[in-house]
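For reference, the structure discussed in these notes is given below.
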Amino acid sequence: MKITIVGTGYVGLVTGATFSEIGHNVMCVDNDESKVKKLKRLEMPIYEEGLEDMVKRNVKAGRLSFSTSIKEGTEFATVIFIAVGTPPGYKGEANMSYVERVGREVAENMKSYRLLVEKSTVIVNTNQQLKRTMNKYLEDDIPFDVASNPEFLREGTAIKDAFHPDRIVVGVESPQGAKLLREIYEPIVTSSKCEYLEMNIASAELTKHAANSFLAMKISFINAVSRICEMTGADIKQVAHGIGLDERIGKSFLYAGVGYGGSCFPKDVDAFIRMGDEVGYSLNILKEVQKININQREHMMRKLQHELWVLEDKVIAVLGLAFKPGTDDVREAPSLYFIPQLLERKAKLKLWDPIAREKFDQIHPGLSYFKTPLECCKDADAVLILTEWPEVRNLDLKKLKDVLKVPIVIDGRNVFEPVEMEKRGFIYKCVGREPGKPIDKK
Ligand code: UDX
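Start counting the sequence shown at 42; every next residue gets the next number (my numbering).
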């Protein structure tokens, strides 16, 4: 089937590549000319494992093309996915102006039936506004449908997630729209045997915000418990394992650390809170989730400060800038909280990240980067771990101790075992794991 995808960010590009891989004919549209030029030269605007090969393969096979024109995209296919950004607006609510613009331009250019599918994370009942917009700009009485198909891809494992989703959620209200979407997803549903859920559009829209907020809540919950662990000598890893084996709770998303980041959780939790306020229900539970997340970063900063006392002129090696391993994305990453603070306190920074350096440098230019974690840690007064990259997990601890000036490791991702680290002579501070330590009431 012919499909147009508007927006070539993470979601749009991965979805476009995936659809072409399963045999559809896809046109990806973006109004950023330089991005489209790059894509036509087969250069990827983002790092995602397996994406480049898949894009190259499908462009060569003639199933994937790029354009800057929504007009062209509207003429190309009956089904048009909207995968443009919904960044935080004036008060933290999701800014829907890009979504609106796509609706308007499709309406102005369509000559026969079109199905417009919301793929971007949108506020519940965006479909109503989209329909109104379409009706305003349609010249004739051309039929159209709007549907919702929220995306649950995780950065770093997006390709795997696309082919093996836990479920596919589709919000539809017409048999024709439902049929088209079923046809598009049929190969993935058949091969992965995942659940294909059809529901009304508002439910599909809400499912996305509810899912991301719930996951963020799980992380903040375990982070809150980690604080109690630190005060009582309990070990958060053991507690998380103990509760996670209960199937009703589940093992995933119970890793305590320096808080969640990325392009989705912070933005979606915020937008969900605003949405609740707007409809007259205060999602206080999520306000607390946000507070805990910020507090977790502040808490780690206090640990670093406590160990170093004075930060001025201290050499600090920061391992990991991306918001999680497997991506070069630094949006809302913990590094964006710590590094400005450390610079303000006049610490001397040495940075390492295997792929996020370029993106980080665009935000904080002129900092010192190193090729390997060990080079980064050489002669440092302390190490600060912010991303659990495999290169950090596999660090040779003997060599690490040898290269450091002072063997202080502040670990925001619980990469190492506290007992072993202490045995090796490190001063090791991590999250919710201080077995045998006296109660610290601070
Ligand atoms: C998330 C959702 O998982 C995905 O379904 C949605 O489509 C987009 O948002 P992503 O932002 O790629 O995906 O990352 P994810 O793997 O969910 O991690 C988000 C953040 O939470 C990261 O900063 C990660 O380090 C943190 N995290 C995750 C924890 O701190 N603890 C955990 O147990 C899990």
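A virtual CB, placed ideally from N, CA and C, is assigned to each residue, including glycine.
Please read all numbers here as calculations on a predicted model, not as lab measurements.
The ligand UDX heavy atom lying under 6 Å from the CB of residue i
i      : result
Glu89  : no
Tyr301 : yes
Phe30  : No information on residue 30 is available, as it lies outside the stretch 42 to 483 that the chain covers here.
Tyr226 : no
Cys305 : yes
Phe255 : no
Tyr51  : no
Phe294 : yes
Gly283 : no
Lys365 : yes
Val93  : Residue identity check: residue 93 is Glu in the sequence provided, not Val. No, the ligand UDX has no heavy atom inside 6 Å of this Cβ.
Phe185 : no
Phe193 : yes
Gly466 : no
Glu196 : yes
Ile426 : no
Ile260 : yes
Gly298 : yes
Coil, strand or helix - residue i by DSSP
i      : result
Arg124 : Note that residue 124 corresponds to Ala in the displayed sequence, not to Arg. Correct three-state label for Ala124: coil.
Thr198 : coil
Lys292 : coil
Pro129 : strand
Lys470 : strand
Val163 : coil
Tyr139 : helix
Phe364 : coil
Tyr88  : coil
Asn99  : helix
Arg454 : coil
Ser218 : Residue identity differs from the one stated: residue 218 is Gly in this sequence, not Ser. In the structure shown, Gly218 sits in a helix (DSSP, three-state: H, G or I).
Ala148 : helix
Ile480 : Note that Ile480 has pLDDT 49, beneath the 50 cutoff, so the model's placement of it is unreliable and the number below is only indicative. Correct three-state label for Ile480: coil.
Met42  : coil
Val391 : Just to set this straight, residue 391 is Lys in the shown sequence, not Val. Reduced to three states, the DSSP call for Lys391 is strand.
Ile209 : strand
Ser189 : strand
Tyr410 : strand
Val67  : strand
Tyr322 : coil
Ile357 : strand
Leu383 : helix
Lys239 : Looking at the sequence shown, residue 239 is not Lys but Glu. Strand.
Ile426 : strand
Close-in-space but distant-in-sequence residues of the same chain around residue i (CB under 6 Å, 5 per side omitted)
i      : result
Leu362 : Val371, Ser376, Asp394, Ala397 and Phe401
His65  : Met42 and Ile44
Arg289 : none
Pro128 : Asn136
Lys470 : Lys344 and Ile451
Neighbourhood of residue i by C-beta, 7 Å cutoff - its chain only, sequence neighbours within 5 removed
i      : result
Arg434 : Val456
Ser323 : Gly317
Leu438 : Arg465
Phe313 : His250, Ser254, Leu324 and Leu327
Ile260 : Phe294 and Tyr301
Ala257 : Tyr301, Phe306, Val310 and Val330
Arg208 : Cys235, Glu236 and Leu238
Gly130 : Asn136
Gly144 : Leu157, Leu171, Thr174 and Met175
Anticipated Cβ contact below 8 Å, residue i with residue j, distance rounded
i      : j      : result
Val472 : Ile449 : Not a contact, Cβ separation roughly 16 Å.
Tyr88  : Thr368 : 7 Å
Gly91  : Ile200 : 4 Å
Gly453 : Ile426 : 6 Å
Val484 : Ile242 : Given that the chain is displayed from residue 42 to residue 483, the structure contains no residue 484 and the question cannot be resolved.
Val165 : Leu247 : 5 Å
Ile277 : Arg474 : 6 Å
Minimum Cβ-Cβ distance from residue i to chain B less than 7 Å
i      : result
Asp318 : Although the question refers to chain B, the structure presented lacks it and comprises just one protein chain.
Same chain only: Cβ atoms within 8 Å of residue i, ignoring 5 sequence neighbours per side
i      : result
Ile480 : Confidence is the limiting factor: at Ile480 the pLDDT is only 49, short of 50, which leaves the residue's position unreliable and the question unanswerable from this model.
Quiz item: Would you call the stretch 227-239 and the stretch 305-320 in contact, with 3 or more CB pairs under 8 Å?
Solution: no
Item to complete: Would you check if there are 3 or more beta carbon pairs closer than 8 Å linking the stretch 217-233 to the stretch 291-305?
Response: no
Notebook entry, point to check: Three or more C-beta pairs closer than 8 Å, one from the stretch 76-87 and one from the stretch 115-123: is that the case here?
Noted result: Below 8 Å, too few C-beta pairs join the stretch 76-87 and the stretch 115-123 to call them touching: fewer than three.
How do the stretch 96-109 and the stretch 377-385 stand: do at least 3 beta-carbon pairs fall below 8 Å, yes or no? no
- Answer yes if the stretch 338-353 comes into contact with the stretch 190-204, meaning at least three C-beta pairs across the two stretches below 8 Å, and no otherwise. no
*asked:* Would you call the stretch 104-112 in contact with the stretch 145-159, where contact means no fewer than 3 C-beta pairs closer than 8 Å?
replied: yes
Cβ contact check for the stretch 334-341 and the stretch 409-421: 3 or more pairs under 8 Å:
The answer is no - the stretch 409-421 does not touch the stretch 334-341, with fewer than three Cβ pairs under 8 Å.
Three Cβ pairs or more, each shorter than 8 Å: is that satisfied between the stretch 184-192 and the stretch 156-168?
yes
Quick test of the definition: if touching needs 3 or more C-beta pairs under 8 Å, does the stretch 198-209 touch the stretch 169-189?
no
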